[in-house]
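Asks: What follows is a single structure, and I will ask about it in a moment.
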Amino acid sequence: MGGLSPDDTVFRKVKSKLTIPVYVMIRPHARSFCYETSDFETMKETLTALKSHGADGFVFGILSRFDRETATCPQSGWIDVPRNKELVRLADGRPCTFHRAFDLIPETQWESALADIMECGFSSILTNGGPSGTTAMDCVDKLTALVHWKNSQITNNPGLQNRVPEIIVGGGVRASNIQGLRETTAASVFHSAALLARTETVSEVEITRMKAQLCGPKKDTSIDD
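The UniProt record's numbering puts the first residue of the sequence shown at 1, with every later residue one more than the last.
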């Protein structure tokens, strides 16, 4: 859907054909991750409708307004905590992922942004570790730092284990690099479009290759005579 919210018909068709959990993007437009009041109302309505049709989780992220030229953060912080919290609440316990809006936040502001994301109740953060135009491979050091942050939060505060967001590595992840990304960053969860060059169709072969990299090849359970 081009990174935007699907309509009810598309979602229900997908949901009817899958047995795995389906997480749905809640994003009314691609202009930015800052939303007008009318946009936010649309996001709430979309989430509520898709929840009623069986969505297993949601993917969204709302940033506070900021100066695009200077990347100056407003005093309230980069994360629009009240609005994100409200959507998480509307999800009624279904997991919510803070998506790649995170990639717009300068690394110097990560500490406060991560604290805000955790306060909102997100279960995970999807990021490639850097700004638009970069890939996960370009930002390995930053992704490693994010995974270290997650692990240190759990180590230092065992009671927070269920509240610390998982770091989902995305951005150009393919079978050719997923194993290297796992070994370097120590990440355990990855996101991939699974597209091959010059195509817009998900490749079953690419998915199989990535799964083999992470889990090993599928075992042959047939019995020879």
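The beta-carbon is built from N, C-alpha and C at its ideal position, and this holds for glycine as well.
When DSSP labels each residue in this structure, what does Ile154 get in the three-state scheme?
Replies: Your numbering for residue 154 matches position 154 in the sequence shown. Note: Ile154 maps to helix in three-state DSSP.
Asks: Buried or exposed: Gln161, going by 16 or more other Cβ atoms within 10 Å of its Cβ?
Replies: As a position in the sequence shown, residue 161 is number 161, starting the count at 1. Counting Cβ neighbours within 10 Å, Gln161 comes out exposed, since fewer than 16 surround it.
Asks: Taking 8 Å as the cut-off, decide whether the C-beta atoms of Arg100 and Thr127 are in contact.
Replies: On the sequence shown, residue 100 is found 100 positions in, with the first residue counted as 1. On the sequence shown, residue 127 is found 127 positions in, with the first residue counted as 1. Taking 8 Å as the Cβ cut-off, Arg100 and Thr127 qualify as a contacting pair.
Asks: Spatial neighbours of Gln213 within its chain, please: C-beta separation below 7 Å, excluding the five flanking residues on both sides.
Replies: Indexing the sequence shown from 1 puts residue 213 at position 213. Result list for Gln213: Ala175, Ile178 and Gln179, in chain order.
Asks: Are the C-beta atoms of Asp103 and some chain C residue less than 8 Å apart?
Replies: Looking at the structure shown, chain C is missing, and only one protein chain is on hand.
Asks: Where Val81 and Glu119 are concerned, what is the direct C-alpha to C-alpha distance, given to the nearest angstrom?
Replies: Walking along the sequence shown from the start, residue 81 turns up at place 81. Walking along the sequence shown from the start, residue 119 turns up at place 119. When rounded, the distance between both Cα atoms is 8 Å.
Asks: Please work out which residues of its chain come closer than 6 Å, Cβ to Cβ, to Asn84, disregarding the five sequence neighbours upstream and downstream, and give them in chain order.
Replies: In the sequence shown, residue 84 corresponds to position 84, counting from 1. Ile62 and Cys120, listed in sequence order.
Asks: Helix, strand or coil for residue 235 per DSSP?
Replies: As shown, the chain starts at 1 and ends at 225. That puts residue 235 outside it, with no answer to give.
Asks: From Ile167 to Val59, what distance separates their C-alpha atoms?
Replies: Indexing the sequence shown from 1 puts residue 167 at position 167. Indexing the sequence shown from 1 puts residue 59 at position 59. When rounded, the distance between both Cα atoms is 13 Å.
Asks: Could you tell me the boundaries of the beta strand (DSSP E) in which Cys96 lies?
Replies: By 1-based counting over the sequence shown, the position of residue 96 is 96. It spans Cys96 to Phe98 - the beta strand (DSSP E) in which Cys96 sits, taken as one unbroken run.
Asks: Taking C-beta to C-beta, are Phe40 and Val88 nearer than 8 Å?
Replies: For this step, residue 40 is matched to residue 40 along the sequence shown. For this step, residue 88 is matched to residue 88 along the sequence shown. No. Outside cutoff.
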